[in-house]
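In terms of UniProt numbering, the sequence shown is numbered consecutively and its last residue is 693. Think of the CB as a built atom: it goes at the ideal place given N, C-alpha and C, for glycine as much as any other residue. What you are looking at is a predicted structure, and each value in this text was computed from that prediction instead of being measured. Structure record follows, encoded as structure tokens.
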Amino acid sequence: MKNDTQSLDTPLLPPDAKQVPHELEKHGDIRIDEYYWMNERDHPDVIAYLEAENAYYEQMTAHTKPLQQKLFEEMKARIKEDDESVPYKYNGYWYYTRFEKGKNYPLYCRREEVMTAPEEVMFDNNEMAEGHSYFKQAGYSISENNEIAVYGIDTVSRRQYDLQFKNLKTGDIYPVVIKNTTGRATWGGDNKTVFYTRKDPQTLRSSQIFKHVLGTEASDDVMVYEELDETFDVGIFKSKSRKYIFIGASSTLTSEYRYTEANGPGFEFKVIQERTRGLEYGVSHFGDYFYLVTNKDEATNFKLVKTPVASPAMENWVEVIPHREDTLLEDIEIFEEYLVVEERNGGLNKINIKRWDETEDYYLPFDSETYTVFASINPDFDTELLRYSYNALDTPPSVVSFNMRTKEKKILKEVEVLGGNFDKDNYESKRIWATADDGTAIPISIVYKKGISLDGSNPLLQYAYGSYGITTDPAFSTSRLSLLDNGFIFAIAHIRGGEYLGRNWYEDGKLLKKMNTFTDFIACSTYLIEQGYTNSNNLYAYGGSAGGLLMGGILNMAPQLYNGVIAAVPFVDVVTTMLDDSIPLTTSEYDEWGNPNDKEYYDYMKSYSPYDQVTVQNYPNILVTTGYHDSQVQYWEPAKWVARLRDKNIADTKIYFETNMDAGHGGASGRFEALKETAKDYAFLIDLAGKSK
């Protein structure tokens, strides 16, 4: 590489990635990948290239270091460092998480029966993280007798967790370590049997359920279920009633559940309803019935049915809440006297409360049209108190306790925004609508500081995700205030591919309709410019993972609209990845993107694949970030993409690429390290906003 001998004291040229043409043939179509060599993990040439890119990024952004530090300090100053979550009660103990001033990681704590009881620190992640450049605990699960905790630890950021056991009475860590799990586990009612999910070591697909008995070796564990269909993942969990344990197997379009009584003794799992392609259902338990949220009988937006535990197959399903064309049924929460239904209508979250005896049926009132609300942690079954969380683009999150009988509500906690400068009345949020190429109205949630002139001169950051039916709700961010206070407008484009406007909104943004995701985003950008919110010299875009695919698509299709784009851990080499079934996530995602072994899907996928569609043209300023240990999007996808972008870009713009060599898909661990990454992104945007193309 050109830069190997250059000193950091002299100006760096962008790293010159060597081109080694590699033929990839499918369906008679030959693609040439000149950077295919980057796929060889840990090869010295690959490491050298990534390090050269990091060095180039560091030197080229060195002038923003003071700005990065300023942003980091102000974002950190807004956080209540010695914060504590709202406690919830489960099986005789109050559980909560707290942070200590100056420390990166949480402490998981509990108190017996009353909050005035002595505190038990179950896990101090600050101590546990010592000596590790990355650390993540995947929660914990407590035995029914409250004595033993099972928990998962990842110190690589590959999402392959080691399960361990801790005696909460003595503090002893048991010697047994179970490798390569999802990090979550479920206790049987006998206080000695634990069920967990093991991953395929190569594809990282969650494929097997094992049973472990305390006091035995991990090598003695018994596999109780294996999912042989490579398009399915599996998991295991306990019902809220704590009476049943469920094994769930699911693909994008299909689901299947098995159940057994949590108290055993034999733990024999039986199927609720055998899988039928296209049939989805989720399961909860109440009394003698299982309650299922399902799309049976073309219930596109889902409906609720119940079925007897003794004979739960589909022929016994009885409708409880019918399918509605205008309302997406997202989830339910079951209480002894109440059924709580989480819905989405017109893009807005709704919470519907029903008494089982049918004497009451009402919705919680919310006035704004940019809010986010959802049922919070509600482990108690026999209570009339519903706990929910509420926030908006201009309103910090609060946890609310709502009495479903008296309709009285109590705010248990509202997140404090420290620093002395925040007043939610200084910001304005609203929803506007753009028009897509096919005439479809696309909603945009938007927030900005009051007093700015909508004369087209404002810098604006447009965000979207747009895949897997995942909806980006208009939520508050303390970090984002650093953009808003610097004159930025922030906009969320609720494009097709998510479920903001119902299940059909998702169906119209995947498979052979995926192009709608990109054209919707571009239509929103055009509308924001036309309406005077910004201009192409001040419009910026951000997306991560599948949202990084979106960024790659819009960069190829409409680069002239943007002054800068940030693509985090971007999924950009779509065709090659989806043809390689050894890569994590590939086979389980055929129902999302299509299977390119089918020529129709191959051709369509290639038509939007960012890496394949890079062409000689003017590209805007671009920042691409990734993690070397990323298990979801392999590091080489963005690495190859950046090299090809640089080779084809004919504009006088900068393309930066940074690889966190210690992190994976979620970025750095620890709350302060994550803030530093956000500060880097914001510094890139704010720096550009002071310049024209």
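- In the three-state reduction of the DSSP assignment, T193 falls in the strand class, which pools E and B.
- The beta carbon of R324 sits closer than 7 Å to those of N301, all from its chain and outside the five residues before and after it, given in chain order.
- Contact check for A567 against Y35 fails: the beta carbons are separated by 8 Å or more.
- Apart from sequence neighbours up to five positions away, the residues of its chain that approach L253 with a beta-carbon distance below 8 Å are R277, G278, E280 and D591, ordered along the chain.
- A direct Cα-to-Cα measurement between K101 and P87 gives close to 19 Å.
- A contact between stretches requires three or more CB pairs, one per stretch, nearer than 8 Å, and the stretch 643-662 meets this requirement with the stretch 51-60.
- Contact between the stretch 224-231 and the stretch 548-564 is absent: fewer than three C-beta pairs spanning the two stretches fall below 8 Å.
- With contacts defined by Cβ atoms closer than 8 Å, L481 and Y540 do not form a contacting pair.
- If you draw a straight line from the Cα of Y448 to the Cα of E274, it comes to about 50 Å.
- Runs of beta strand (DSSP E) with 3 or more residues, each lying fully within the stretch 536-587, are found at 539-544 and 564-568, listed in chain order.
- The C-beta distance from V624 to K648 rounds to 15 Å, too long to meet the 8 Å contact threshold.
- Secondary structure in the stretch 123-207: the beta strand (DSSP E) runs of 3 residues or longer, each lying completely within the stretch, are 136-142, 148-154, 161-167, 178-187 and 193-199 in chain order.
- In terms of Cβ geometry, A523 and D437 form a close pair [threshold 8 Å].
- Under DSSP, I332 forms a beta bridge with V341.
- In this structure, K599 lies near H27, with their beta-carbon atoms less than 8 Å apart.
- DSSP places S467 outside both helix and strand once states are collapsed to three, so it counts as coil.
- It is roughly 17 Å from the alpha-carbon of I247 to the alpha-carbon of S588.
- Nearest to D603 by alpha-carbon distance, out of I442, G627, G543 and V575, is V575.
- Counting only runs that start and end inside the stretch 77-124, the beta strand (DSSP E) elements of at least 3 residues fall at 88-90, 93-98, 107-112 and 120-124.
- In the structure shown, the three-state DSSP call for K413 is strand.
- In the three-state reduction of the DSSP assignment, S401 falls in the strand class.
- Burial is judged here by how many other beta carbons sit within 10 angstroms of a residue's own beta carbon; G466 has at least 16 and is buried.
- CA-CA distance, L393 to H22, rounds to 47 Å.
- Under DSSP, R324 takes part in a beta bridge, and its partners are T327.
- In the DSSP annotation of this structure, F237 is not part of any alpha helix (DSSP H); the continuous beta strand (DSSP E) holding it starts and ends at D233 to K238.
- Pairing A185 with D172, the inter-Cα distance amounts to about 19 Å.
- Shortest Cα-Cα distance from K510 to any of D455, N263, W593 and E73 involves W593.
- With 16 or more neighbouring CB atoms inside 10 Å of its own CB, K514 falls in the buried class.
- Nearest to Y611 by C-alpha distance, out of K18, G544 and M551, is M551.
- Only residues of its own chain outside the window of five on either side were considered, and among them G248, A249, R275, L279, E280, Y281 and G282 have a CB closer than 8 Å to the CB of S255, listed in chain order.
- Y134 counts as buried, since at least 16 other C-beta atoms from the protein chains shown sit within 10 angstroms of its C-beta.
- Leaving aside the five residues that flank E343 on each side, the residues in its chain whose CB is nearer than 8 Å to its CB run, in chain order, T327, L328, L329, E330, N349, K350, I351 and N352.
- In the DSSP assignment, E261 falls within the beta strand (DSSP E) that extends over S255 to E261.
- Under the DSSP assignment, A375 falls in the beta strand (DSSP E) whose first and last residues are Y371 to A375.
- S482 sits in a helix when the DSSP states are folded into three classes.
- For E51, the enclosing alpha helix (DSSP H) covers residues P44 to M60.
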